[in-house]
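Heads up: the sequence lines are chains R, A, E and W, in that order. In terms of my numbering, the first sequence opens at residue 52 and continues consecutively. In terms of my numbering, the second sequence opens at residue 52 and continues consecutively. In terms of my numbering, the third sequence opens at residue 52 and continues consecutively. In terms of my numbering, the fourth sequence opens at residue 52 and continues consecutively. Data first, discussion second: the structure below is written as structure tokens.
Number of protein chains: 4
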Amino acid sequence: MTSDDKLLANAPLGRSARAERAILDATRELLADNGVRGLTIEAVTARSGVAKTTIYRRWRDRDELALAAVWTDLDTGLESPGDLGDTRAELVAFIEPVVTTLRSALLSNVIRGLASEIATNPELSRVYREELIEPRVAQVELVVKRGVQRGDLRPDTDARLAHEMLVGPVLYRLLFSGAPLDDDLGSRIADAVLRAFASDSDG
Amino acid sequence: MTSDDKLLANAPLGRSARAERAILDATRELLADNGVRGLTIEAVTARSGVAKTTIYRRWRDRDELALAAVWTDLDTGLESPGDLGDTRAELVAFIEPVVTTLRSALLSNVIRGLASEIATNPELSRVYREELIEPRVAQVELVVKRGVQRGDLRPDTDARLAHEMLVGPVLYRLLFSGAPLDDDLGSRIADAVLRAFASDSDG
Amino acid sequence: MTSDDKLLANAPLGRSARAERAILDATRELLADNGVRGLTIEAVTARSGVAKTTIYRRWRDRDELALAAVWTDLDTGLESPGDLGDTRAELVAFIEPVVTTLRSALLSNVIRGLASEIATNPELSRVYREELIEPRVAQVELVVKRGVQRGDLRPDTDARLAHEMLVGPVLYRLLFSGAPLDDDLGSRIADAVLRAFASDSDG
Amino acid sequence: MTSDDKLLANAPLGRSARAERAILDATRELLADNGVRGLTIEAVTARSGVAKTTIYRRWRDRDELALAAVWTDLDTGLESPGDLGDTRAELVAFIEPVVTTLRSALLSNVIRGLASEIATNPELSRVYREELIEPRVAQVELVVKRGVQRGDLRPDTDARLAHEMLVGPVLYRLLFSGAPLDDDLGSRIADAVLRAFASDSDG
DNA sequence: GACTAAGCGAGACGGTACGTCGCGTCTTAAA
DNA sequence: TTTAAGACGCGACGTACCGTCTCGCTTAGTC
């Protein structure tokens, strides 16, 4: 649901637009209820009143539909925080929204359910990487560059590794260890990453 | 397949043991060929010549079977490296086998394919956590404890977070970013984690 | 395509007439290619470039369209042969065109494909009976009447039964026995029917 | 339902036999109710409580199932009437059961509905011809042979044509003309066929 | 050395969901 | 106004596997 949609929420919708909205709404409800396991195309048709054909006309399969249904949610927080004047603050500003987003029942369910699919399906993997991961890596690169300029971070800091050390632990908790995404998880990770790449003169 | 089995490898096997071996072998082959998607119970019966009933008598479903088939591989490297006299060396000794293991086609396929199931199925999740994750957390705790004693690490080092920062990036690459598990990945992660939790006097 | 159409072939056609011709042409092509099974409305739109709506505006369903497309062919040969002065000749003149017509790939395909629909759909059945069958029964009645007057046929000859014995075997071959519609089939049937209803003094 | 089945009606049936009976019963009910149009595999599963898979395991498609469901009915009356000492009686004995059988709602519905399929599907056509038509042609051949020996029929009588003139009119009524299968239809056809092939000295 | 009974292969069964096809209806924009 | 274009709701298709259930047969292990 983009901001355009919100502005036009009361405008008349064509059949297609109405169908699409009904499909995505039903999909999100089913995902929130039972995770990806509870999402079947037939359940979507039943709940949305939209024909199977119409769903398949838009999305190749269940996984694409699931991803589409939560895409805007995953996509948020991508606007760069910009220069906050403080490297730690910028790291926190990067990782906090990730933690917060993945704390929601809907999104945690979806990521848990789609992880295998994303890891397995080349097309899905490509989209996910290009649209979600790389922009975030680029964000971290900016943060790192500014940190280096400030003298906070070592000049040879590997931004990609920094990115992985920021988000890796969060997803590890989500998928494998089951440890909770505490309120302070983001800042603790940010602290650790800051120290991991801090310039020596920073002591 | 326990070590007992190995000792008895040339001993005559009963029907049951033969069936179990045939099932697990077929499972591993199917997993290696096409990942978890290619693993169906019916394919296992077809390839192993074992009856469906016999499979279901031993494992609840496809996912338990898949995990069982690779369990020994996942389970290796758990023996603590012990005191190497050097904290960095111990961190490397911890993370290197993880990277190496996950680099194999079989195991990377399996983990990619089972990630969602592990994240989703409570029973599987419990087993995975208790049998695989917690022992490794305990290992890291030992490394951290020794590192603190040596004055290398800060006394308040969070071993669990350290563990997550060690393995999280590896699994993140495996599942999401698709970045390769380079030969030096383990040592670079170990370096970063060491600095992240290094005591200040360590500079 | 009626003879009127041919006369007007170079005259400008309205959109409607052009659409209708395109529909019927495509229908006949599809019927000839794969019989009634190959005839789908969607295939007709694809081949004719005509919209579905336009088809449904003219014919209720696939079967009506199929029948319409071959109607002129079925309808031919209805002009009474008139008095040939010889009863056997008149019987042959009746049945020969039927055999010849049903020998064509197009019409045999269509009749085979539509038989069930004609036998089943009341409206189609009514049209078929009134427009095709009854006129032919009437023709046979004329032949019979003249045959009786000539003293060739018994006065109580049942023209309807005679008609059925003329065309029944042909359609039986077409639909069920698969026996070929030989060149001499018409005359052999005519002979048999002639004898079946011949007046006794005829010996 | 063969006579064996009747004798064993109270014997315990295996799962398979029970399923098969349930399928065929449901099929016959649906056919009787709405003809072949009312017969869908899904309706059969719903009414019989048997799974779709089980149906498809036994019959390739709807049409094979329909034919199987009425096969025994179609197959009856095949026992040769034997030498009745009278050619006309033997012709009547041949055609009467055909008329009677096709008068039933069930069988007339089925034949009407399957005619196109039988005429169109090569495999179905082959089975129908070999199992139903040819045996009846053979029956007529016997009748003809005896009739010739008795001096009732011409030595060159074409038994196949005779067969077609016997059954053709009945099926023509059933499928196309809609004329009723009167009680005396069989004997009137038999009379006509007898005269059609009667030896000249027979007057 | 014969006799059980547990375990096996084979595979049919009821079931869920899949993704596809073609139907006949409805909407929209262009001619 | 009629058309081409094509999306929509719908019903049924035939398929893939699921996990359950007989069913004989094999095969140890017990008398």
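Note that the Cβ used here is the ideal one computed from N, Cα and C, for glycine as well.
- For residue 218/R, the neighbours in chain A by C-beta distance under 7 Å run, in chain order, 223.
- Taking 8 Å as the cut-off, the beta carbon of residue 201/W is found closer than this to the beta carbon of residue 138/W.
- Excluding residues up to 5 positions away in sequence, 244 lie with their Cβ nearer than 6 Å to the Cβ of residue 216/E in the same chain.
- The shortest CA-to-CA distance from residue 192/E to any of 183/E, 208/E and 177/E is the one to 208/E.
- Cβ contact annotation for residue 159/R (same chain, cutoff 7 Å, sequence separation greater than five): 153 and 225, in chain order.
- Distance from the CA atom of residue 246/E to the CA atom of residue 126/W, rounded to whole angstroms, is 32 Å.
- Here residue 235/E is exposed, its C-beta having fewer than 16 other C-beta atoms within 10 Å.
- Among the residues of chain A, none has a CB under 9 Å from the CB of residue 250/R; the nearest is roughly 11 Å distant.
- In the DSSP assignment, residue 249/A forms a beta bridge with 204/A.
- Residue ranges of uninterrupted beta strand (DSSP E) with 3 or more members are absent from the region 150-194 of chain R; none lies entirely inside it.
- DSSP places residue 118/A within a helical segment (H, G or I) once states are collapsed to three.
- Per DSSP, the unbroken alpha helix (DSSP H) holding residue 68/R starts and ends at 66-85.
- Residue environment analysis places residue 107/W among the exposed positions, since fewer than 16 neighbouring C-beta atoms fall within 10 angstroms of its C-beta.
- Cα atoms of residue 250/E and residue 218/E: separation of roughly 22 Å, rounded to the nearest angstrom.
- The beta carbon of residue 239/W falls within 8 Å of a beta carbon belonging to chain E, placing the residue at that interface.
- Between residue 170/A and residue 166/R, the C-beta gap is smaller than 8 Å, which places the two residues in contact.
- If you check each beta-carbon in the region 70-93 of chain E against every beta-carbon of chain W, the ones closer than 8 Å belong to 86, 87 and 88.
- Per DSSP, reduced to three states, the secondary structure at residue 96/E is helical.
- With its beta carbon less than 8 Å from one in chain A, residue 244/R belongs to the interface.
- For a cut-off of 8 Å, the C-beta gap from residue 232/A to residue 221/A is around 7 Å, short enough to register as a contact.
- If you ignore the 5 residues before and after residue 172/W, its C-beta comes within less than 7 Å of the C-beta of 114, all in its own chain and listed in chain order.
- Rounded to the nearest whole angstrom, the C-alpha separation of residue 238/W and residue 175/W is 31 Å.
- Excluding its 5 nearest sequence neighbours in each direction, residue 131/E has C-beta neighbours in its own chain below 6 Å: 190, listed in chain order.
- Secondary structure at residue 237/R: helix, using DSSP grouped into helix, strand and coil.
- With respect to the 8 Å criterion, residue 110/E and residue 119/E are classified as neighbours on the basis of their beta carbons.
- By the rule that beta-carbons nearer than 8 Å mark a contact, residue 171/R touches chain A.
- Beyond the five residues adjoining it in sequence on each side, residue 143/A comes within less than 8 Å, by CB distance, of 237, 238 and 241 in the same chain, given in chain order.
- In the same chain as residue 223/R, and ignoring 5 residues on each side of it, no C-beta atom comes closer than 6 Å to its own.
- Look at residue 127/E here: in three-state DSSP terms it is coil, with no helix or strand label.
- Taking C-beta separations shorter than 8 Å and ignoring five residues to either side along the sequence, the partners of residue 79/W in its chain run 120, 121 and 157, following chain order.
- A buried status is given to residue 71/A, since no fewer than 16 other beta-carbon atoms sit within 10 Å of its beta-carbon.
- If you draw a 10 Å sphere on the C-beta of residue 136/R, you find fewer than 16 other C-beta atoms in it, and that means exposed.
- Straight through space, the alpha carbons of residue 99/E and residue 213/W are spaced by roughly 46 Å.
- Residues of the region 102-119 of chain W with a C-beta less than 9 Å from any C-beta of chain E: none at all.
- Residue contact with chain A for residue 98/R: absent (no Cβ-Cβ distance below 8 Å to any residue of chain A).
- Nearest to residue 149/W by alpha-carbon distance, out of 178/W, 133/W, 183/W and 134/W, is 183/W.
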